[in-house]
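Here is the structure we will look at.
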Amino acid sequence: MTPAISWSGVRFRYAGAAREALRGIDLAAREGECVLLTGPTGCGKSTLLKTANGLIPRESAGRLEGRIEIGGRDAASIPSPALRSAVGFLFQNPEDQLLCGRVEDEVAFGPENLAEPPGVIAQRVEEALARASASAKRHSPCAELSGGEKQRVALASALALHPRVLALDEPTSQLDGRASREILRALAAMRGEQGLTLLIAEHRVGRVLPLADRLVVLEEGTIRGVFPRGRFGEAMPLLRELGLEAPGDEFPAPHAAPISIRAEKPALVRFRGLCHRYAKESPPALDDVTAELRAGEILALMGPNGAGKSTLLGLLAGLLRPQEGQIEWFGQVRPRLSLSSLTGKVGFLFQNPDLMLSAGTIRDEVALGPRLLRRPPAEAREAVARALEGVGLAPLAGRNPFSVSRGERLRVALAALLACAPRVLLLDEPTAGLDRGLRQRLLADLRRWVDEAPEERGIVLCTHDTGSALQCADRALVLREGRTAALGPAAGVLAGAGQGALEDLEPAPARMAP
Numbered sequence: 001m002t003p004a005i006s007w008s009g010v011r012f013r014y015a016g017a018a019r020e021a022l023r024g025i026d027l028a029a030r031e032g033e034c035v036l037l038t039g040p041t042g043c044g045k046s047t048l049l050k051t052a053n054g055l056i057p058r059e060s061a062g063r064l065e066g067r068i069e070i071g072g073r074d075a076a077s078i079p080s081p082a083l084r085s086a087v088g089f090l091f092q093n094p095e096d097q098l099l100c101g102r103v104e105d106e107v108a109f110g111p112e113n114l115a116e117p118p119g120v121i122a123q124r125v126e127e128a129l130a131r132a133s134a135s136a137k138r139h140s141p142c143a144e145l146s147g148g149e150k151q152r153v154a155l156a157s158a159l160a161l162h163p164r165v166l167a168l169d170e171p172t173s174q175l176d177g178r179a180s181r182e183i184l185r186a187l188a189a190m191r192g193e194q195g196l197t198l199l200i201a202e203h204r205v206g207r208v209l210p211l212a213d214r215l216v217v218l219e220e221g222t223i224r225g226v227f228p229r230g231r232f233g234e235a236m237p238l239l240r241e242l243g244l245e246a247p248g249d250e251f252p253a254p255h256a257a258p259i260s261i262r263a264e265k266p267a268l269v270r271f272r273g274l275c276h277r278y279a280k281e282s283p284p285a286l287d288d289v290t291a292e293l294r295a296g297e298i299l300a301l302m303g304p305n306g307a308g309k310s311t312l313l314g315l316l317a318g319l320l321r322p323q324e325g326q327i328e329w330f331g332q333v334r335p336r337l338s339l340s341s342l343t344g345k346v347g348f349l350f351q352n353p354d355l356m357l358s359a360g361t362i363r364d365e366v367a368l369g370p371r372l373l374r375r376p377p378a379e380a381r382e383a384v385a386r387a388l389e390g391v392g393l394a395p396l397a398g399r400n401p402f403s404v405s406r407g408e409r410l411r412v413a414l415a416a417l418l419a420c421a422p423r424v425l426l427l428d429e430p431t432a433g434l435d436r437g438l439r440q441r442l443l444a445d446l447r448r449w450v451d452e453a454p455e456e457r458g459i460v461l462c463t464h465d466t467g468s469a470l471q472c473a474d475r476a477l478v479l480r481e482g483r484t485a486a487l488g489p490a491a492g493v494l495a496g497a498g499q500g501a502l503e504d505l506e507p508a509p510a511r512m513a514p
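No gaps in the numbering here: position 439 of the sequence shown is 439 in UniProt numbering, and each next residue is one more.
Quick look at the structure:
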């Protein structure tokens, strides 16, 4: 039987890169099969997926060798519109593929460009939105959606093309636990009903493994192992060797700091009764939210997609203005505190790190903040070197930020913040797209950054990952539909994850290492 898609001797090197991103890939997927791709951050998963529908080499500078076939046809001979229709693609960052103002128009855009009849377009839009659990947002502006909601809309847009192959790059990375389960169930149903071939790149194999027929493990652009269903257990030692998460692994013990010590610390930021709407007719994105971040504390900000987490971070960072309520930074109410006075003291990591990158090299990107803050040259150089080393990017300092993986770009943006020596970090999904080893290292580094500082620091950490929150956070603030669902010590609050008012959160890991 002719494979739905195949790669033979495929190699690819990005323009200006010192080494190949793909090195001799031989792989095939049959119709209706689900192939799960995993490997460390930067191993080539995203690059391999982009070769499936022509984004590489047609939209990326570099040299591609080997042969890729779609249904037995040489992909190089297939016109781009036909190739993009045959192979749907979900980007790791959904904002990279959203073009229209409203959700409904976004999902209809693909079929319209294929000149489908209006009745067919309407039916496809309705079906795709339902499959992606996004029907409730049909008439919403795309700009007002949360990261997870944008991910579902991007998936609906891909499904509306009725592809034969669907390539998904970290499809659950920005989704809460409930939404992840819904999306995976929908993909399983489509695979059975339509014979859809699925190529899924994912760090957290435990989520997708029940859906997979084969597990393919990559490292540094090569295939380290291919494991069919029934032999997945044989892959677990390799996953652990590469610093990846294997189902059943233990997690680091929950962080716990003496409550009495935390209670005595001054508040770095305090907010009371915050309310915000994006439009008069829309429901409130935030409704009467009150909490504080104390010195020496990491506050986990959690909740389902669309709960208001990114809105709250935007208000704290000064990107949005509260319509009701009050924000107090370092003992001063914000209306009397200029945003410029917070520069260098408060760092904000966007959910999409690409919005923060502008320099030609990673080193220059990290050096930009200290230079704008007019730090002495020697001090700035030391801060840049320390920040790059701290996030593990010193070997890539001369690379263009957009030539590395999304997980690496996220670390570039974080290093740029750390080089400015802020007192408070506002981090929006900083572990998304990171493998287990990098994720745990980052969380440990953030905890150390707070605990070992000569001056008092704090972090508001927005995350969907219950395990990450338990590993490093002192307290957790859980939002639901813009309101406070829970606030208190992280271990106590997150013990209820997956049930009751916290049903949308992933349950806490079953085993936590001592």
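Glycine included, C-beta positions come from ideal geometry on N, C-alpha and C.
Status (buried if at least 16 other CB within 10 Å, exposed otherwise) for residue i
i	result
Lys280	exposed
His139	exposed
Leu355	exposed
Asp26	exposed
Gln499	exposed
Val451	The question names Val, but residue 451 in the sequence shown is Asp. Classification for Asp451: exposed.
Ser341	exposed
Gln174	buried
Asp74	exposed
Asp96	exposed
Asn305	buried
Ser358	exposed
Arg63	exposed
Phe348	buried
Ser85	buried
Pro79	exposed
Glu193	exposed
Phe402	exposed
Gln151	buried
Residue i, DSSP secondary structure in three states
i	result
Arg480	strand
Leu368	helix
Pro507	coil
Gln326	strand
Asp169	strand
Val391	coil
Ile261	In this predicted model, Ile261 has a pLDDT of only 46, less than 50, meaning its place in the structure is not dependable; the value taken from the coordinates is given anyway. Ile261 falls in the helix class under three-state DSSP.
Gly273	strand
Arg84	helix
Gly110	helix
Gln332	strand
Pro353	helix
Pro79	coil
Ala246	coil
Leu502	helix
Extent of the continuous alpha helix (DSSP H) to which residue i belongs
i	result
Asp287	Note, Asp287: premise wrong, no alpha helix (DSSP H); beta strand (DSSP E) at Leu286 to Arg294.
Gly318	Note, Gly318: premise wrong, no alpha helix (DSSP H); not H, not E.
residue 531	The requested residue 531 does not occur in the structure, where the chain is confined to residues 1 to 514.
residue 516	Only positions 1 to 514 of the chain appear in the structure, and residue 516 is not among them; the question remains open.
Glu126	Pro118 to Arg131
Glu241	Met236 to Glu241
Thr38	Looking at the DSSP string, Thr38 is not in any alpha helix (DSSP H); the run it does join, the beta strand (DSSP E), is Cys34 to Thr38.
Ser46	Lys45 to Ala52
Leu55	Leu55 to Arg58
Arg207	Val205 to Val208
Residues sharing a beta bridge with residue i, DSSP
i	result
Trp7	Leu27 and Ile68
Asp428	Cys462
Val346	Val424
Glu219	Thr222
Arg231	Bridge partners of Arg231: none, in fact.
Asp74	Glu69
Pro489	Arg475
Arg63	Arg13
Arg102	Pro141
Expected contact under 8 Å - CB spacing of residue i and residue j to nearest Å
i	j	result
Gly66	Gly9	4 Å
Leu434	Thr2	Leu434 to Thr2, Cβ: 37 Å. No contact.
Gly458	Arg475	At roughly 11 Å, the Cβ-Cβ gap does not stay under 8 Å, so Gly458 and Arg475 are not in contact.
Ala473	Ala300	4 Å
Ala186	Arg229	Incorrect: roughly 20 Å between the Cβ atoms, too far for contact.
Leu268	Arg294	7 Å
Leu479	Ala367	That belief does not hold up - the Cβ atoms of Leu479 and Ala367 are roughly 36 Å apart, past 8 Å.
Gly147	Ala179	Between Ala179 and Gly147 the Cβ distance is about 11 Å, and since that is not below 8 Å, they are no contact.
Ala21	Ser6	Wrong, their Cβ atoms sit about 19 Å apart, outside the cutoff.
Residue span of the beta strand (DSSP E) that contains residue i, given as start and end
i	result
Thr197	Thr197 to Ala201
Val404	Taken as a continuous stretch (DSSP letters only), Val404 belongs to no beta strand (DSSP E), as it is neither H nor E.
Ala300	Glu297 to Met302
Leu175	Looking at the DSSP string, Leu175 is not in any beta strand (DSSP E), and its letter there is neither H nor E.
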